[in-house]
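If you want our numbering, it's the 1-based position in the first sequence plus 52. Worksheet: the structure to be examined is printed underneath.
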Amino acid sequence: MPIQLYNTQSGTLEPFETLEPNQVKMYVCGPTVYDKAHIGHGMSALVFDIIRRYLQYRGYDVTHVQNFTDVDDKIINRANAENRDPIALAEEYINDWHRHVADLNILPATAYPRATTTMSQIIDLISTLIERGNAYAADGDVYFRVRTDEDYGKLSHRSIDAMRSGARIAPDERKDDPLDFALWKGAKPGEPAWDSPWGGGRPGWHIECSAMILQELGPSIDIHGGGNDLIFPHHENEIAQSECATEQTFVRYWIHNGMLQMRSASGELEKMSKSLGNLVTIDNFLAEHPADVLRLMVLASPYRAPLMYDAGVVAENERKLERLMSALRPSNGTTSDGAAVESLTGAIAEARQKFEAAMDNDFNGAGATAALFDMVKAINTARDAGVGGQPFTEAQARFREIAGVLGLELKEQARGGEEAGPFIELLIKLRADLRKAKQYALADQVRNELTALGVILEDSAQGTTWRWGKA
RNA sequence: GGCGACGUAGCCAAGUGGUAAGGCAGAGGUCUGCAAAACCUCCAUCACGGGUUCGAAUCCCGUCGUCGCCUCCA
Numbered sequence: 053m054p055i056q057l058y059n060t061q062s063g064t065l066e067p068f069e070t071l072e073p074n075q076v077k078m079y080v081c082g083p084t085v086y087d088k089a090h091i092g093h094g095m096s097a098l099v100f101d102i103i104r105r106y107l108q109y110r111g112y113d114v115t116h117v118q119n120f121t122d123v124d125d126k127i128i129n130r131a132n133a134e135n136r137d138p139i140a141l142a143e144e145y146i147n148d149w150h151r152h153v154a155d156l157n158i159l160p161a162t163a164y165p166r167a168t169t170t171m172s173q174i175i176d177l178i179s180t181l182i183e184r185g186n187a188y189a190a191d192g193d194v195y196f197r198v199r200t201d202e203d204y205g206k207l208s209h210r211s212i213d214a215m216r217s218g219a220r221i222a223p224d225e226r227k228d229d230p231l232d233f234a235l236w237k238g239a240k241p242g243e244p245a246w247d248s249p250w251g252g253g254r255p256g257w258h259i260e261c262s263a264m265i266l267q268e269l270g271p272s273i274d275i276h277g278g279g280n281d282l283i284f285p286h287h288e289n290e291i292a293q294s295e296c297a298t299e300q301t302f303v304r305y306w307i308h309n310g311m312l313q314m315r316s317a318s319g320e321l322e323k324m325s326k327s328l329g330n331l332v333t334i335d336n337f338l339a340e341h342p343a344d345v346l347r348l349m350v351l352a353s354p355y356r357a358p359l360m361y362d363a364g365v366v367a368e369n370e371r372k373l374e375r376l377m378s379a380l381r382p383s384n385g386t387t388s389d390g391a392a393v394e395s396l397t398g399a400i401a402e403a404r405q406k407f408e409a410a411m412d413n414d415f416n417g418a419g420a421t422a423a424l425f426d427m428v429k430a431i432n433t434a435r436d437a438g439v440g441g442q443p444f445t446e447a448q449a450r451f452r453e454i455a456g457v458l459g460l461e462l463k464e465q466a467r468g469g470e471e472a473g474p475f476i477e478l479l480i481k482l483r484a485d486l487r488k489a490k491q492y493a494l495a496d497q498v499r500n501e502l503t504a505l506g507v508i509l510e511d512s513a514q515g516t517t518w519r520w521g522k523a
């Protein structure tokens, strides 16, 4: 059974078949680097990281290209407002993005092309479109003539006529048609500019992706991804540019993730965006929570659906993470064969199949996570039954492996630093003596005060263990 | 107005024709000096109204509601 995935263009689930056996060419639209990235950007990157990791798990060799739009109006405006160089501004946020990718345990893309480093390819592509009659120069600008593309609208399922009747498209006297979009924008004085056959200027937003894909991956790719807010006009325009220039199918599967929704205190849902002032930056989030928490949130909700974000959801996923971590606690048991062991290994194998079936079904993260929880239960039950040794650690290794396919790190939180360990052990020993002497009030005081400092003590028949928790 | 996604327990959600996964929260229990953790048990007829079918959360029609896009946006 091949992987089934939802293709925005067809609006249906389709079996995944690559252009070349076991090779996946995947392009994902990256951010426009003019401000700090927020967790909505993080969500999108996580969605495609999970998809990529699963494709790799299924044996595909994935070439993953992600762009940076490092020159555009917003960057220029922001740089002007801060009285600094737009290129340097973009550079700063690109570095930030790479840091976020590492912090969120996202696999780095195979290549990170930028608009400014793809300039000659962009100019070549625009020239081709002009030669082929799909584009025209006008007063230092170049526009794509939408009505030369008879398929225009096939991704977003809208017709040129319907859009023309919409009142929201402002006419521009330089355009032949209000729907035509810019491939090249002539520079105004003081703006960054690159030489071109049409004068100094910079590329329009959409053309860079077409040029980068052509350069990095070729005329035809397997997967193109991004947020669903990019379907129109951005991705629609990419198709128009690329297919008119190459006369080949541009993208086989379009994958779009839903938007992150903020729930305000009053219960209203709204898209996370700068203009609404409801931003949670990736840095803000990670200062409070492990990266796994955001990843679990992304996994819990279908990637195409809006993801609701509020404090309650975050807290819930914090606890989910704790439960997943519970499976990684060691066992003092010694049973390494018999019914309990067979039941454990059987449950692990069954959960792996459940995991694969879920992920094969359009990357169903909730189902995949459920399989992970099945493993947790099996492992904890086995530990309680005294299973230990190699079969137990083997089961934990399988669990870790599957969690890793989803990109979950399951790291212990060492907030107090490694050096706190011996002192905590000392207090645990002291408390053990107090308990032995039935000095329970003092023993409980030690435990409570450690809890207040974020150290959680857990007693068992084998002694007391500790771990970092919420302070 | 147009296009698209969606509406399953208090919450997040699986489910793609055969009588509702999983997680969080909650209740009871085992263990414990107590607590925590773990484990066991309990907790829904699927927005509403029609229709197709032996049989529908699952297919069709309609209604209501939510979200996104239609202008820059992951």
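Just so you know, even glycine gets a beta-carbon here, dropped at the ideal spot from N, CA and C.
Ranked by how close their Cα comes to the Cα of D228, the residues C261, R356, N186 and I259 have N186 in first place. Inter-segment contact for the stretch 273-282 and the stretch 246-258 is absent: fewer than three beta-carbon pairs are separated by less than 8 Å. Residue pairing by DSSP puts K237 in a beta bridge opposite R254. Taking C-alpha positions only, N132 is separated from L141 by approximately 10 Å. A distance of 8 Å or more separates the beta carbons of Q300 and K206. In this structure, the CA atom of D201 is about 6 Å from the CA atom of A292.
In this structure, R404 keeps its C-beta atom at 8 Å or more from the C-beta atom of R452. Inter-segment contact for the stretch 114-122 and the stretch 82-91 is present: three or more beta-carbon pairs are separated by less than 8 Å. By the Cβ test, the stretch 411-420 is not in contact with the stretch 375-394, since fewer than three Cβ pairs between them sit closer than 8 Å. Ranking P255, A214, D137 and W149 by CA distance to the CA of D193 puts P255 first. Cβ atoms of M411 and A401 stay farther apart than 8 Å, at about 16 Å. The DSSP assignment places complete alpha helix (DSSP H) segments of no fewer than 4 residues inside the stretch 367-432 at 391-412, in order along the chain. By the neighbour-count criterion, in which 16 or more other beta carbons inside 10 Å mark a residue as buried, T168 falls on the buried side. The criterion of a C-beta distance shorter than 8 Å is not satisfied by T180 and A263. As summarised for the stretch 173-235, the continuous alpha helix (DSSP H) elements at least 4 residues long and confined to that stretch are 212-217, given in chain order. In this model, A234 and E260 are separated by some 12 Å (Cα to Cα). Cβ contact annotation for A190 (same chain, cutoff 6 Å, sequence separation greater than five): R226, in chain order. When the beta-carbon positions are compared, G310 and A367 stay at least 8 Å from each other. Judged by beta-carbon spacing, V117 lies within the 8 Å limit of A163, meaning their Cβ atoms are closer than that value. Classified as buried, H152 has 16 or more neighbouring CB atoms from the shown chains inside 10 Å of its CB. By DSSP's assignment, K77 forms a beta bridge with T115. A direct Cα-Cα distance of roughly 43 Å separates Q173 from K463. Going by DSSP, H150 is part of the alpha helix (DSSP H) stretching over P138 to D155. In the displayed model, S272 falls within coil according to three-state DSSP, outside both helix and strand. Counting the other Cβ atoms within 10 Å of the Cβ of L482 gives fewer than 16, which makes it exposed. Taking the CA atoms as reference points, N369 sits about 25 Å from I307. C-alpha of D436 to C-alpha of T445: approximately 14 Å in a straight line. Under the three-state reduction of DSSP output, M311 falls in the coil class, being neither helix nor strand. Per DSSP, reduced to three states, the secondary structure at R356 is coil, with no helix or strand assignment. Counting other Cβ atoms within 10 Å of its Cβ, D344 reaches 16 or more and is therefore classed as buried.
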